[in-house]
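Reading through the C-alpha cells given below for one structure.
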Amino acid sequence: MSNRQTDPKWGICRLCGFEGRLSFEHVPPEKAFNNRGLLFSDINLAFGDSRDQVVNIERRRGLGAHTLCEKDNNWTGKVYAPSFIDWVKDSYQALKLGSHLPLISQWREFYPLRVLKQIATMVFSANSENFHKVHPELVNFVLNKKDNSLSPRYRFFLYFNHIGRKRLVGNAAMIDIPKQRSIYISEITFPPYGYVFCIDSTPSDSRLYEITHFSSYGYKEKKRLNLEVPVLPTYTQYPGDYRTEKEVLSDAGFSPVLFGQQEIPYLL
1132 MSNRQTDPKW GICRLCGFEG RLSFEHVPPE KAFNNRGLLF SDINLAFGDS
1182 RDQVVNIERR RGLGAHTLCE KDNNWTGKVY APSFIDWVKD SYQALKLGSH
1232 LPLISQWREF YPLRVLKQIA TMVFSANSEN FHKVHPELVN FVLNKKDNSL
1282 SPRYRFFLYF NHIGRKRLVG NAAMIDIPKQ RSIYISEITF PPYGYVFCID
1332 STPSDSRLYE ITHFSSYGYK EKKRLNLEVP VLPTYTQYPG DYRTEKEVLS
1382 DAGFSPVLFG QQEIPYLL
C-alpha cells in the first residue's frame, strides 16, 4: 500500500510539485483572522438527492488544507504572508468604519507585490495538485519573490466582504450567456476580503476591483494606493455570485441550502 493511501498528509505540493508529506496551509494565513474552528459544506453535495440539506464538516484549525510542502509553506510564510497580514488587518479596520458604504478607498502604505503573491499562493492551494503543471508561469511568479512580470493571461480582482458565506473554490468554468463567453475563475472569500483570480477571462460582475497592477511594483516597494473596492455579499456557495439576499430569494425561492446557516465556507 502506497504512502498516499495510508497517510492523509501525503500528497503533491500544489505549488512546486514535490511529492511527500504536506504541511497545513491556512487560506488565508492563520494570523489574518483565520485561527478559529469553522464549518464548511462541499458545493458538490448540494447537487445530490437531498437539495434541502447541507452536510457540514468541522475544520478546527481554520480554513485550509494540507496543500503545500513544508519548504514552500515556510518560505511564502516568511516573504509574503507578514505584509499580507498587515494589509488585511489595516483593511479590516477600514471595513468596520465603512461597512455600510458602497465603496471604500482608505489606505495606508503597504507592499502591493507581496500582497498579490500571497493571494497567488492561496490560489494554488484552492486548486488541484495538477494546477501547477498547467501554469508554470504563475509558479515562477510566486517562487521568485522579485519577479514582477506577471503573464497577461492572469488577472486578479478584489472585493470587501462581511456578509454571507466564506468561499474556497478552485478553477471553475462559468458561462456568461449574455456576452457568450467562458469564464475561468478561482475564488477565496474570507473577511474582510474576497479574492477572484481569472485565467484568459474577466469576471461577469464589473463591480470587482482589479488589482493585477500590483504586479508592477518591486518586492521592496511600499506604496499608498487609492483603491475603490466594492462591498459585496456572498449569500450562496457559488463563485461569482454577489446577489443580495432579496435577489437570491427572488430568483430561486427560499432554500435551506442557501440560507440554513450563514458564514459556512466550503471546499472543492
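If you're matching positions, the sequence shown starts at 1132 in the working numbering and goes up one per residue. Glycine included, C-beta positions come from ideal geometry on N, C-alpha and C.
Cβ-based neighbour list, residue i, same chain, cut-off 7 Å, excluding 5 preceding and 5 following
{"i": "L1199", "result": "C1144, R1145, L1146, L1153, S1154, E1156, S1256"}
{"i": "I1216", "result": "P1160, K1162, A1163"}
{"i": "S1347", "result": "N1279"}
{"i": "V1246", "result": "S1214, F1215, W1218, F1345"}
{"i": "V1158", "result": "L1194, G1195, M1253, S1256, A1257, L1299, I1319"}
Residues of its chain near residue i, where Cβ-Cβ distance is below 6 Å and the 5 sequence neighbours each way are ignored
{"i": "H1197", "result": "K1140, L1153, F1155"}
{"i": "G1295", "result": "P1364, T1365, Y1366"}
Cβ-based burial, residue i [other Cβ within 10 Å; buried from 16]
{"i": "N1261", "result": "exposed"}
{"i": "A1163", "result": "buried"}
{"i": "S1344", "result": "As written in the sequence, residue 1344 is His, which differs from the Ser given in the question. Flag for H1344 reads exposed."}
{"i": "L1370", "result": "Per the sequence presented here, residue 1370 reads as Pro, with Leu not at that position. Burial call: buried."}
{"i": "Q1224", "result": "exposed"}
{"i": "T1320", "result": "buried"}
{"i": "V1270", "result": "buried"}
{"i": "A1118", "result": "In this structure the chain extends from 1132 to 1399, so residue 1118 is not present and cannot be described."}
{"i": "K1297", "result": "buried"}
Residue i to residue j span [Cα, whole Å]
{"i": "V1300", "j": "E1352", "result": "30 Å"}
{"i": "P1322", "j": "L1363", "result": "11 Å"}
{"i": "Y1211", "j": "E1378", "result": "38 Å"}
{"i": "E1150", "j": "W1206", "result": "17 Å"}
{"i": "G1349", "j": "P1334", "result": "27 Å"}
{"i": "G1193", "j": "N1258", "result": "18 Å"}
{"i": "E1268", "j": "E1359", "result": "29 Å"}
{"i": "I1316", "j": "K1209", "result": "27 Å"}
{"i": "V1265", "j": "H1293", "result": "33 Å"}
Reference residue i; option with closest CA among the options
{"i": "L1356", "options": "N1166, S1335, Y1242, Y1366", "result": "Y1242"}
{"i": "D1336", "options": "T1252, I1330, D1372", "result": "D1372"}
{"i": "K1248", "options": "D1331, K1276, L1358, L1289", "result": "K1276"}
{"i": "N1165", "options": "R1239, K1220, K1264", "result": "K1220"}
{"i": "K1202", "options": "S1381, G1148, Q1224", "result": "G1148"}
{"i": "Y1340", "options": "L1269, R1286, T1137, E1240", "result": "R1286"}
{"i": "K1310", "options": "N1302, L1289, S1332", "result": "S1332"}
{"i": "P1361", "options": "F1272, V1273, L1289", "result": "L1289"}
Own chain partners of residue i with C-beta closer than 8 Å, once the 5 adjacent residues on each side are dropped
{"i": "I1314", "result": "A1304, M1305, I1306, D1307, C1329, S1332, T1333, P1334, S1335, G1371"}
Discussion item. Would you call the region 1313 to 1326 in contact with the region 1272 to 1284, where contact means no fewer than 3 C-beta pairs closer than 8 Å?
Written reply: Segments in contact, no.
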